Amino acid sequence: MFQKMFNVLSQNFPNPDLLVYLHRDVPVLQQHIHKRGRQYEASISNEYLTNVQNSYFEYLRNILQFPVLIIDVSTLDFCTTPKQYHAVKELLKKNTDQAQGVPY
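With my numbering, the residue at position 101 of the sequence shown is 92, and numbering never jumps.
Pasting the structure below:
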């Protein structure tokens, strides 16, 4: 259903220059969920998160119209290590410029 809605709506929008997917391993996601302490997130299972991730990967694998950049941020902590944030920011800038054909 989501794919059908997306296909209908996306006909009116231009393709992005770059699609970025920030990936985290399920155990790391669970750590973040636990740390936030939101009651409505407490029952989210590893199986559910794995299924969501696999669905995203399947979708991303089939995109041919524009570049896709997948970044594994499982070991990164932007809050405590700002250098990691800036490194990812530079990577995004470089890939966006490259996708737009801007020399760098």
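Where is the CB? At the ideal position from N, CA and C, for every residue including glycine.
Since the model is a prediction, treat every value here as computed from it, not as a measurement.
So, does the segment -4 to 7 touch the segment 33 to 46, judging by three or more C-beta pairs under 8 Å?
no
Assign Leu20 to buried or exposed, taking buried as 16 or more other Cβ atoms, counted over all protein chains shown, within 10 Å of its Cβ.
Counting of Cβ neighbours within 10 angstroms places Leu20 among the buried residues, the total reaching 16 or more.
Proximity to Val11 [Cα-Cα], best of Leu0, Leu51, Gln22, Ser65:
Leu51
Alpha carbons only, please: which of Leu55, Tyr76, Gln56 is nearest the one belonging to Ser65?
Closest by C-alpha distance to Ser65, out of Leu55, Tyr76, Gln56, is Tyr76.
What does the alpha-carbon distance come out to for the pair Ala78 and Ala33?
32 Å
Out of Leu0, Asn3, Arg15, state which residue places its alpha-carbon closest to the alpha-carbon of Asp68.
Arg15
Nearest-angstrom beta carbon gap, Leu60 and Asn86 [assumed within contact, 8 Å]
That belief holds up - the Cβ atoms of Asn86 and Leu60 are roughly 5 Å apart, short of 8 Å.
Under DSSP, the alpha helix (DSSP H) around Ile24 begins and ends at which residues?
In this chain, the alpha helix (DSSP H) harbouring Ile24 covers 17 to 27.
Quick check on DSSP: helix, strand or coil for Val64?
coil
Assuming Leu82 and Ile54 make a contact with CB atoms under 8 Å, what is their CB distance in whole Å?
About 19 Å; that fails the 8 Å criterion.
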